[in-house]
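Taking it in order: structure first as structure tokens, then the write-up.
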Amino acid sequence: MNPRKIMYLVNPISGTGKKELLVNNIKKQTAARGIAYEVAYTTASGNYTLHKEKIVEEHFTDVVIIGGDGTVNQVVNNFRDIPDLQFGIIPLGSGNGLAYAAGISKKPMQALHLIFDGTAKYTDAFTINNYFSCMLSGIGFDAKVAHDFAASASRGLFTYTQQSLINFFKAQPYQFEVIIDGFSFFTDAYFISIANSNQFGNNVTIAPQASLNDGLLDIVIVQKMHKARLPFAVLQQIRGNNKLQQMVEDMSKKNILYFQSPCITIRNLKHAPFHIDGEPTETSEEFKASIIKDCFKLIQP
1 MNPRKIMYLV NPISGTGKKE LLVNNIKKQT AARGIAYEVA YTTASGNYTL
51 HKEKIVEEHF TDVVIIGGDG TVNQVVNNFR DIPDLQFGII PLGSGNGLAY
101 AAGISKKPMQ ALHLIFDGTA KYTDAFTINN YFSCMLSGIG FDAKVAHDFA
151 ASASRGLFTY TQQSLINFFK AQPYQFEVII DGFSFFTDAY FISIANSNQF
201 GNNVTIAPQA SLNDGLLDIV IVQKMHKARL PFAVLQQIRG NNKLQQMVED
251 MSKKNILYFQ SPCITIRNLK HAPFHIDGEP TETSEEFKAS IIKDCFKLIQ
301 P
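Take 1 as the starting number for the sequence shown in UniProt numbering and just add one per residue.
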């Protein structure tokens with residue numbers, strides 16, 4: 001028998017499709033590899049005490065998450081302190097930002113084969129106030145989209161795009177104070193992204209220089225500008241045409257500020273909405289974000 005033992009954790013409501021056929025295929029492929037496994041389901045409450053006890057007592061080597069970024073966040077946060085545990089992702093969410101950033105295929109069977117044949121690499125994460133984030137958190141416009149998307153009756157890329165367009169026409173900048181390396185500045189911005197990965201999701205690259213293992217947060221601040229210029233400025237950022245600024249300079253000349261730091265403080269002066277890994281979260285007057293170097297092992301190409 002293969003020495004590995006995998007717990008597949010399935011989110012029954014993530015994405016848009018039914019999962020019975022996929023789960024059956026996963027069982028067959030895993031058994032064919034001679035790997036012991038068990039299929040379990042994620043919990044809406046976020047309580048994974050029994051799963052954790054089982055993983056430790058029965059010596060599971062891998063937890064494979066079948067779901068989206070919110071599920072990945074929840075599961076990794078609950079199990080990341082288990083020594084030598086490996087995490088895998090079969091992406092079935094609406095954005096799948098961490099999977100895309102790690103080079104994991106959106107095709108479930110290809111993602112499964114990577115679980116079998118890939119390499120577990122140390123991956124950073126970060127905390128923002130008392131919350132855990134393993135991909136990207138944001139304050140402002142993108143968080144408003146996340147809140148409205150979560151309240152929608154349907155899921156999927158079409159609904160997310162629809163909510164983005166609706167919010168674009170209503171968007172107004174928020175006021176922030178940003179404190180980094182002892183330097184403070186004020187800005188009116190549509191949104192601020194704090195990223196460990198380069199992804200918004202759906203292969204939309206908001207932080208082109210980001211690495212999953214460089215010990216740095218990538219900060220993207222989309223400042224106040226004429227609304228007609230906003231989509232072009234963001235597109236330029238997505239294409240990687242905005243060069244990384246090691247020091248925050250020329251703030252009055254830049255539509256988008258982009259820099260890296262292991263930690264940052266943001267004072268949210270107008271109570272802009274907030275999200276963690278695409279999941280709407282209660283906002284705060286102040287956010288303190290810090291990187292967690294080598295937080296967990298993620299199976300990657």
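Built from N, CA and C at the ideal position, the CB exists for glycine as well.
Candidates the options, of which the one nearest residue i by Cα
| i | options | result |
| --- | --- | --- |
| A36 | A44, K5, F296, A272 | K5 |
| F126 | T119, I264, M1 | I264 |
| I194 | A44, Q172, E177, L217 | L217 |
| V76 | K106, K107, T42 | T42 |
| P280 | G70, K28, V39, K27 | G70 |
| A207 | Q172, V178, G182, G138 | G138 |
| D214 | K106, K121, E282 | K121 |
| F60 | L50, E38, A44, T49 | E38 |
| S290 | Q110, K254, P262, E282 | P262 |
| Y190 | H271, Q199, K28, A44 | H271 |
| Q29 | A40, Q110, A44 | Q110 |
heavy atom of the ligand NAD below 7 Å from residue i C-beta
| i | result |
| --- | --- |
| L92 | Ligands in the displayed structure: none, and consequently the ligand NAD is not present. |
Cβ-based neighbour list, residue i, same chain, cut-off 8 Å, excluding 5 preceding and 5 following
| i | result |
| --- | --- |
| K19 | V10, P12, I66, L92 |
| I55 | M7, V63, F79, I82, L85 |
| G68 | N11, S14, G15, P91, L92, G93, S94, G95, N96, G278 |
| R33 | N2, F116 |
| H184 | For the record, residue 184 in the displayed sequence is Ser; it is not His. Excluding residues within five positions, the ones whose Cβ falls inside 8 Å are E177, V178. |
| K106 | P91, N96, A99, Y100 |
| K52 | N78, F79, I82 |
| E58 | K5 |
| G118 | G88, I299, Q300, P301 |
| E282 | F274 |
Chain-order list of residues whose beta-carbon lies under 7 Å from that of residue i (same chain, five-residue window excluded)
| i | result |
| --- | --- |
| S197 | G97, L98, A101, M135, L136, A210, L212 |
| G103 | Q300, P301 |
| residue 327 | A query on residue 327 cannot be resolved here, the shown segment of the chain reaching from 1 to 301 and no further. |
| A31 | none |
8 Å Cβ cutoff met for residue i and residue j
| i | j | result |
| --- | --- | --- |
| L298 | F141 | no |
| L257 | I292 | no |
| V26 | L112 | Going by the sequence as given, residue 26 is Ile instead of Val. For I26 and L112, yes; Cβs fall inside 8 Å. |
| C295 | D124 | yes |
Nonlocal neighbours in the same chain, by C-beta distance under 6 Å from residue i, ignoring five residues either side
| i | result |
| --- | --- |
| A143 | P273, F274, H275 |
| E285 | N268 |
| Q74 | G46 |
| D188 | P173, Q175, K224 |
| M247 | Confidence in M247 is poor, its pLDDT being 46 and thus under 50, which makes the residue's placement unreliable; the coordinate value appears in the next sentence. Hits under 6 Å: none found. |
| P108 | L22, I90 |
| Q260 | L216, D218 |
| F169 | With a pLDDT of only 46 at F169, under the threshold of 50, the placement of this residue in the model should not be trusted; the figure read from the coordinates follows. Nothing listed; no residue qualifies. |
| Y48 | N78 |
| F186 | E177 |
Supposed contact pair residue j and residue i - C-beta distance, whole angstroms, cut 8 Å
| i | j | result |
| --- | --- | --- |
| R267 | F132 | About 21 Å separates the two Cβ atoms, so there is no contact after all. |
| I192 | I219 | 7 Å |
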